[in-house]
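Participant: The structure that follows is given in the form of structure tokens.
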Amino acid sequence: MDCQNFDTEYRKSLDWLYSQLPMFSRVGAAAYKPGLDNTLRLDDIYGHPHRGFKTIHIAGTNGKGSSSHMIAAALQAQGYKTGLYTSPHLVDFRERMRINGEMIPRERVAEFVEDWRKRKSDLRPSFFELTMMMAFDWFNREKVDYAVIEVGMGGRLDSTNIISPEVCVITNISFDHTQFLGNTLEEIAAEKAGIMKPGVPVVIGEAEGSIRTVFEEKAKESGASIYFADEYGGIKAMERSEGKWNCTLSDGEVIRVPLAGSYQKKNIRTVLCALSVMKKRDIELDEANIKEGLENVAKLTGLRGRWEQRSENPTVVCDTGHNVAGLSDNMRTLREVYGNRKVKFVVGFVYDKDISHIVELFPSDARYYFTQASIPRALAAGKVAEHFKGRGICGEVIPDVKEAVRAAFNDASPDDVIYVGGSTFVVADFLAE
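Structural data, given as structure tokens:
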């Protein structure tokens with residue numbers, strides 16, 4: 206089949222995936238299928254492909270995407286053939302699954318969907334369940350050495366929890382998806398702790414008080430050794446300069462990680478702790494290759510949307526932070542990096558998230574452009590404006606994301622900063638060509 210036909214078949218396959226299978230990121234709760242029964246049946250149908258390669262499992266409320274990419278970059282720099290499975294995608298569906306930074310080929314997507322449809326199974330998997338199996342099948346066929354697997358939601362009942370990893374990582378716990386994971390941080394922590402396995406070490410990025418206790422008790426119950434990143438002694442100092450975190454290791458070596466967000470300071474510590482634990486599991490990782498991987502994480506893995514600067518004069522940045530913890534960090538980053546420069550916000554959210562506390566995080570002395578992403582789950586731009594009006598903040602209502610950014614750009618002076626975010630899907634629309 207020639208390239209043009211493959212491209213046509215690929216588009217047809219995507220249309221089928223989006224139209225026939227419920228996709229949580231687009232439609233919300235209607236697509237959520239808790240439990241592993243579907244996934245286990247699907248795994249059996251495809252011959253348990255995840256058993257053909259070693260895995261690293263990453264969960265957490267925030268930071269799991271950045272952490273997954275950094276760990277994959279280190280493995281890749283070491284010379285391992287490295288798979289990476291993350292969600293959701295920003296611009297291209299194929300971002301969800303990569304090998305050594307390269308997205309899955311369009312023809313492979315089309316072939317997998319065609320194969321599944323021909324099977325005429327009575328199983329009705331969700332979008333996430335089937336695309337995860339697509340990734341596992343591809344990784345197995347391509348004989349990857351390691352695959353870094355990001356949890357979709359929660360942990361205990363997440364489809365990815367069928368794997369038997371070498372190391373687990375839980376980045377942090379904060380409020381998100383409370384309708385599925387629980388109304389307290391302890392309940393959410395217990396769900397995410399569900400990825401712990403007997404004899405598999407787990408690295409905890411952030412945990413204090415009762416949350417730490419939950420993890421300690423769950424680790425003991427599951428027979429997992431537990432490591433806390435805040436006790437990792439391999440870092441002497443960390444400071445941000447020129448859009449990078451300069452991490453001075455205990456031996457004096459400096460790793461310059463090109464991820465500027467305030468939250469990345471904690472992610473980097475978690476990742477370095479995890480890499481040290483991976484070495485204890487006899488995974489070969491030289492310090493020089495760890496440095497190369499982390500310093501070139503975006504280039505090696507295709508990471509996007511994490512405090513990504515798109516232009517200067519005015520400065521335009523976007524970030525996928527979308528809950529209280531993530532957006533609190535982003536507001537802090539704006540203050541720390543840009544000081545007193547005027548900020549214009551292009552923001553939108555999803556309708557099934559309680560944004561009352563989120564709205565309180567935004568400064569009242571800024572100019573706003575309220576927008577909505579091009580997905581059914583998006584909160585209408587006018588409704589976004591109503592939430593902000595309740596705080597005495599007014600702005601322009603521009604439903605199309607690109608038009609909203611364009612309006613902010615046209616209104617901005619060269620020294621201004623334009624922030625695009627609020628929802629992952631607003632960032633996705635902004636980055637789409």
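In terms of the working numbering, the sequence shown opens at residue 206 and continues consecutively. Heads up, the beta-carbon is just placed ideally off N, CA and C, and yes, glycines get one too. The model shown is predicted, which means the values in this text are computed figures rather than measured ones.
(1) According to DSSP, is C523 helix, strand or coil?
(2) Are T629 and H562 touching if we call contact CB-CB under 7 Å?
(3) How many Å lie between V606 and K286 at the Cα?
(4) Should I378 and I393 be called a contact, given that it needs their Cβ atoms to be closer than 7 Å?
(5) Quick check: F575 and G600, are their CB atoms within less than 7 Å of each other?
(6) Please list, in chain order, all residues of the same chain as G357 whose beta carbon is under 6 Å from its beta carbon, the five residues on each side excluded.
(7) With distances taken Cα to Cα, identify the nearest neighbour of L295 among M308, G288, E214 and Q283.
(8) Quick check on S430: buried or exposed, where buried means 16 or more other Cβ atoms within 10 Å of its Cβ?
(9) Kindly confirm or deny that the stretch 552-567 and the stretch 515-534 touch, where touching means at least three C-beta pairs closer than 8 Å.
(10) Of the choices G410, N366, E492 and G359, whose alpha-carbon is the least far from that of A395?
(11) Tell me whether the beta-carbon of G510 lies closer than 7 Å to the beta-carbon of T525.
(12) Which word fits A637, buried or exposed, when buried means at least 16 other C-beta atoms lie within 10 angstroms of its C-beta?
(13) So, is E444 buried or exposed, given that buried needs 16 or more other C-beta atoms within 10 angstroms?
(14) Check whether the Cβ atoms of E497 and R461 lie closer than 7 Å to each other.
(15) Apart from the five residues on each side of it in sequence, which residues of its chain come closer than 6 Å, Cβ to Cβ, to V622?
(16) Whole angstroms is fine: what's the gap from K471's alpha carbon to G268's?
(17) Give every residue of the same chain whose Cβ lies closer than 6 Å to the Cβ of P254, excluding the five residues on either side of it in the sequence, and list them in chain order.
(18) What alpha helix (DSSP H) runs, 4 residues minimum, are completely inside the stretch 475-520?
(19) DSSP on R303, reduced to helix/strand/coil?
(20) State the Cα-Cα distance for the pair Y237 and K348, rounded to the nearest angstrom.
(21) Can you tell me the Cβ-Cβ gap for P370 and T260, rounded? I've got them flagged as a contact below 8 Å.
(22) Hey, how far is the Cα of R246 from the Cα of Y223?
(23) What is the DSSP secondary structure of A236, reduced to helix, strand or coil?
(24) If you reduce the DSSP assignment to three classes, tell me which class H253 lands in.
(25) Could one say the Cβ of V589 lies closer than 7 Å to chain D's Cβ atoms, at least one of them?
(26) Could you have a look at N451 and say whether DSSP puts it in helix, strand or coil?
(27) Using C-beta distances below 6 Å, list every residue in its chain close to N264, excluding the 5 sequence neighbours before and after it, in chain order.
(28) From the DSSP output, in three-state form, read off A633 for me.
(29) What does the alpha-carbon distance come out to for the pair P330 and T244?
(30) Under a three-way DSSP split, which group does M308 fall into?
(31) Measure the Cβ-Cβ separation of A613 and V555 and say whether it is below 7 Å.
(32) Taking the Cβ atom as the reference point for each residue, do G306 and T453 lie within a distance shorter than 7 Å?
(33) Give the DSSP-derived three-state secondary structure of F341 in the structure shown.
(34) Helix, strand or coil for G288? Go by DSSP, reduced to three states.
(35) Please report the Cβ distance between N366 and L241, rounded to the nearest whole angstrom; I am assuming they are in contact, meaning their Cβ atoms lie under 8 Å.
(36) Along the chain, which unbroken stretches of the beta strand (DSSP E) at least 3 residues long are found entirely within the stretch 533-608?
Facilitator: Inspection of the coordinates gives the following:
(1) strand
(2) no
(3) 37 Å
(4) yes
(5) yes
(6) S292, F333 and D363
(7) M308
(8) exposed
(9) yes
(10) G359
(11) yes
(12) exposed
(13) exposed
(14) no
(15) T520, Y543, R546 and V548
(16) 9 Å
(17) F341, D342 and N345
(18) 492-500 and 502-506
(19) strand
(20) Unreliable placement is indicated for Y237, whose pLDDT of 48 sits below 50; the coordinate value is still reported in the next sentence. C-alpha separation (whole angstroms): 31 Å.
(21) 4 Å
(22) 21 Å
(23) Summary for A236: the model assigns pLDDT 44, below 50, so the residue's position carries little reliability; its value from the coordinates is reported in the next sentence. In the structure shown, A236 sits in a helix (DSSP, three-state: H, G or I).
(24) coil
(25) Looking at the structure shown, chain D is missing, and only one protein chain is on hand.
(26) strand
(27) For the sequence presented, residue 264 should be read as Ala rather than Asn. Same-chain partners within the cutoff: V356, G360, I375, K397 and I400.
(28) helix
(29) 8 Å
(30) strand
(31) no
(32) no
(33) helix
(34) strand
(35) 6 Å
(36) 548-552 and 572-575
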